[in-house]
Amino acid sequence: MKAEEILELFRRFAPNANKLWAYFVSIITWIHSTFTKYRRGMEVTERTLRIDVGESGFLARVAAPVSAAVFRDEAENTGITIGGHGTLMARPMLQLKDIFSAVGVTCTDSMPLRLKGSIRPGTIEVDGSGGSQAVSGLMFALPLLDSPSEIIVYN
Numbered sequence: 020m021k022a023e024e025i026l027e028l029f030r031r032f033a034p035n036a037n038k039l040w041a042y043f044v045s046i047i048t049w050i051h052s053t054f055t056k057y058r059r060g061m062e063v064t065e066r067t068l069r070i071d072v073g074e075s076g077f078l079a080r081v082a083a084p085v086s087a088a089v090f091r092d093e094a095e096n097t098g099i100t101i102g103g104h105g106t107l108m109a110r111p112m113l114q115l116k117d118i119f120s121a122v123g124v125t126c127t128d129s130m131p132l133r134l135k136g137s138i139r140p141g142t143i144e145v146d147g148s149g150g151s152q153a154v155s156g157l158m159f160a161l162p163l164l165d166s167p168s169e170i171i172v173y174n
């Protein structure tokens with residue numbers, strides 16, 4: 020689906036579609052430029068890219084799919100580790116494992132998250148009963164890929 024088609028869908032279903040689309044594009048642009056800019060500052064240990072998200076469950080659930088899309092070479096070849104500390108280390112991440120499985124990436128179901136493989140674009144069916152954060156991360160990540168994708172959320 021092209022950007023113009025997505026905008027038309029927004030126009031039909033959302034009264035402020037232009038503002039919403041502009042906001043979405045600005046987020047994707049920011050994510051792409053920020054991860055590219057700070058890529059050199061991220062720690063690479065034992066040939067694995069490691070990203071520390073502190074105690075933020077939201078950041079872990081959003082950064083994981085975005086990192087797998089932005090750092091495709093690392094995800095495919097050596098893997099990516101999303102770490103943190105404190106209570107985050109005990110929070111469940113099963114929804115991320117399920118989402119990554121749907122797009123061709125292996126992922127642990129607990130912290131630290133270990134990702135391996137390239138995100139496949141296409142039609143992705145996702146169970147939304149685990150919350151919206153991981154789905155949001157996927158929505159931020161998929162436009163960074165070379166081919167279009169569609170997300171179908173059930174539950």
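The opening residue of the sequence shown carries number 20 in the working numbering; numbering runs sequentially from there. Beta carbons are placed, not taken as given, at the ideal position from N, Cα and C, and that holds for glycine.
Within 10 angstroms of the Cβ of residue i, are there 16 or more other Cβ atoms? Answer buried if so, exposed if not.
i	result
SER90	Per the sequence presented here, residue 90 reads as Phe, with Ser not at that position. With 16 or more other Cβ atoms within 10 Å, it is buried.
GLU169	exposed
PRO84	buried
GLY73	exposed
THR125	exposed
SER86	buried
PHE77	exposed
LEU107	buried
LYS56	Because the pLDDT of LYS56 is 47, which lies under 50, any placement of that residue in the model is unreliable, and the question is left without a value.
Rank the options by C-alpha distance to the C-alpha of residue i and give the top, closest one.
i	options	result
VAL172	VAL145, SER75, ILE101	VAL145
GLY123	MET130, LEU115, SER129	LEU115
LEU161	GLY76, ILE143, GLU95	ILE143
SER137	ASP117, GLU93, ALA153, GLY150	GLU93
VAL81	GLY150, ASP165, SER166	GLY150
LEU164	ARG69, GLY147, ARG139	ARG139
GLY147	THR127, GLU95, ASP117, GLY141	ASP117
ASN96	LEU68, PRO167, VAL154, MET158	LEU68
ASP71	MET112, ASP128, LEU113, LEU132	LEU132
ALA109	ASP128, ASN174, MET158	ASP128
PRO111	ASN174, GLY141, GLN152, MET158	GLN152
GLY141	PRO167, SER75, PHE159	PRO167
ASN174	VAL154, MET158, PHE159	VAL154
Contact check, residue i vs residue j under 8 Å by CB: the rounded distance?
i	j	result
LEU98	LEU134	What sits at residue 98 in the sequence shown is Gly, not Leu. Rounded, the Cβ-Cβ distance is 6 Å, consistent with contact.
MET130	GLY102	7 Å
Which one or two residues does DSSP pair with residue i in a beta bridge?
i	result
ILE171	GLU144
ARG133	THR100
THR125	LYS135
When the cut-off is 9 Å and only beta carbons count, does residue i lie next to chain D?
i	result
VAL85	No chain D appears in this structure, which consists of one protein chain only.
Is any heavy atom of the ligand NAP found at a distance shorter than 8 Å from the C-beta of residue i?
i	result
ILE171	Ligands in the displayed structure: none, and consequently the ligand NAP is not present.
Inset, instruction - Counting only runs of 3+ residues fully inside the segment 59-110, write out the beta strand (DSSP E) ranges in chain order. - result: Listed in chain order, the complete beta strand (DSSP E) runs (minimum 3 residues) inside the segment 59-110 are 62-64, 67-71, 99-102.
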